[in-house]
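Peer 1: Take a look at the following structure, please.
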Amino acid sequence: MNRVYDDERLAGAYERGNEMPEASLRAWVELIASYVPRPSPAIVEIGAGTGMFSAAMARWIGGSSVLAVDASEPMLAEARRHHPHPAVRYLSGAAENVPAPSDAFDVAFLSRVIHHLPDRTRAARELARILRPGGVVIIRTTFRERLDAVVYDYWPQLRSADELRFPGEAELLADFATAGFAVQEVASFAQPVTASLRDYHSRLIHRPQSKFASLTPEQFHEGLQRLAAAARAEPVEQQVPVIERYDVAVFCRR
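Under the numbering used here, the residues of the sequence shown are numbered 27 to 280, in order.
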């Protein structure tokens, strides 16, 4: 996984800059729950970051237990600080070498992490190892063909970088087919992440995502100025929520 996540500054900014309204987070968890193959599931989140989704799944998927795995100790420290939960364990580990026995989980969840994996096929084989027969992998990402995030409106350089590092849909499906998974569904899901452009601007001031590391300080400042101007132009009485759309790929272990 990209070692930029070992940056303690990024880990702190990530927690503040990637939260979402509780209603949106709950909607995501309800979507995840719709794919869960059995009651009281054992869930593993790969690349759990600061733990927002792991804790939310433990809260809202009845009877669940969650192993939250991340390769970054600073991220795990933030997760333990901000999202402790009795049904969540936070452990250091990588997608290619998960610290868990075989046939241990019903669900594996990966949010905005698949593009960081250096060997997706190897990671898919590891997920096949730790999932029980009939278990599912749920991947929350954006396919190369559908890069449509609001952030590109203000930092167009990021789209070019993401076109190189994000997988295409066919590539990802092929990687998991090689590891013995069947495609269950490929869907699209969108939820508000902030109530307005002003809130979105406040969120991005501290560069809370690894993609901003590809920008020079000048490029980041110019994009932030564009976003600030758009936020100032937004009428206070007509604020529009900023919505982020993601592709969701679901695979079933044969």
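C-beta atoms are modelled at their ideal positions from N, C-alpha and C, and glycine is treated no differently.
With distance defined between alpha-carbon atoms, name the residue in Arg280, Leu198, Val276, His109 nearest to arginine 282.
Peer 2: Residue 282 is absent from the structure shown; the chain starts at 27 and stops at 280.
Peer 1: Less than 8 Å between the beta carbons of glycine 206 and alanine 154, yes or no?
Peer 2: Against a cut-off of 8 Å, the Cβ pair of alanine 154 and glycine 206 comes out as a contact.
Peer 1: Determine, using beta-carbon pairs with one atom in the region 101-115 and one in the region 155-169, whether at least three such pairs fall under 8 Å.
Peer 2: No: fewer than three Cβ pairs fall under 8 Å.
Peer 1: If distances are taken between C-alpha atoms only, which option among Val274, Ala203, Ser137 comes closest to arginine 151?
Peer 2: Here the closest residue by C-alpha is Ala203.
Peer 1: Straight-line CA distance for valine 268 to valine 62?
Peer 2: Their Cα atoms are separated by approximately 29 Å.
Peer 1: Note down the Cα distance separating tryptophan 181 from phenylalanine 246, rounded to an integer number of angstroms.
Peer 2: For tryptophan 181 and phenylalanine 246, the distance between alpha carbons rounds to 7 Å.
Peer 1: Quick one: what does DSSP say proline 218 is sitting in, helix, strand or coil?
Peer 2: Reduced to three states, the DSSP call for proline 218 is strand.
Peer 1: CB-CB under 6 Å to histidine 227, same chain, minus the five flanking residues each way: which ones, in chain order?
Peer 2: Once the five neighbours on either side are set aside, the close Cβ partners of histidine 227 are Leu253, Ala254, Ala257.
Peer 1: Report buried or exposed for phenylalanine 238, applying the criterion of at least 16 other Cβ atoms within 10 angstroms of its Cβ.
Peer 2: Phenylalanine 238 is buried by the Cβ-count criterion.
Peer 1: Measure the beta-carbon distance from glutamate 71 to alanine 94 and round it to whole angstroms, keeping in mind my assumption that it falls under 8 Å.
Peer 2: Indeed, because the Cβ distance is near 5 Å, the residues count as touching under 8 Å.
Peer 1: Taking C-beta to C-beta, are glycine 119 and alanine 97 nearer than 8 Å?
Peer 2: Yes, these two residues count as a Cβ contact at 8 Å.
Peer 1: Just to confirm the assignment, what range does the beta strand (DSSP E) spanning proline 65 have?
Peer 2: Element bounds for proline 65: n/a, residue is neither H nor E.
Peer 1: Go ahead and label phenylalanine 215 buried or exposed: buried means 16 or more other beta carbons lie within 10 angstroms of its beta carbon, across all protein chains shown.
Peer 2: Phenylalanine 215 should be labelled exposed.
Peer 1: Nearest to isoleucine 156 by CA position, among Val133, Leu241, Ala213, is which residue?
Peer 2: Nearest option by C-alpha distance: Val133.
Peer 1: Out of curiosity, what's the CA-to-CA distance linking proline 159 and isoleucine 231?
Peer 2: Distance between the alpha carbons of proline 159 and isoleucine 231 is about 44 Å.
Peer 1: Going along the chain, which unbroken runs of the alpha helix (DSSP H) with 4 or more residues stay wholly within the region 144-190?
Peer 2: DSSP runs (the alpha helix (DSSP H)) wholly in the region 144-190: 146-156, 177-180.
Peer 1: Along the chain, where does the alpha helix (DSSP H) containing isoleucine 312 start, and where does it finish?
Peer 2: What the structure shows of the chain is the stretch from 27 to 280, and residue 312 is not part of that stretch, so it cannot be assessed.
Peer 1: Thinking C-beta only, is valine 55 closer than 8 Å to isoleucine 87?
Peer 2: Yes, Cβ-Cβ distance for isoleucine 87 and valine 55 is below 8 Å.
Peer 1: When you compare the CB positions of glutamate 171 and glutamine 217, do they come within less than 8 Å of one another, or not?
Peer 2: Not a contact, by the Cβ cut-off of 8 Å.
Peer 1: Does DSSP put glutamate 195 in a helix, in a strand, or in coil?
Peer 2: It is helical.
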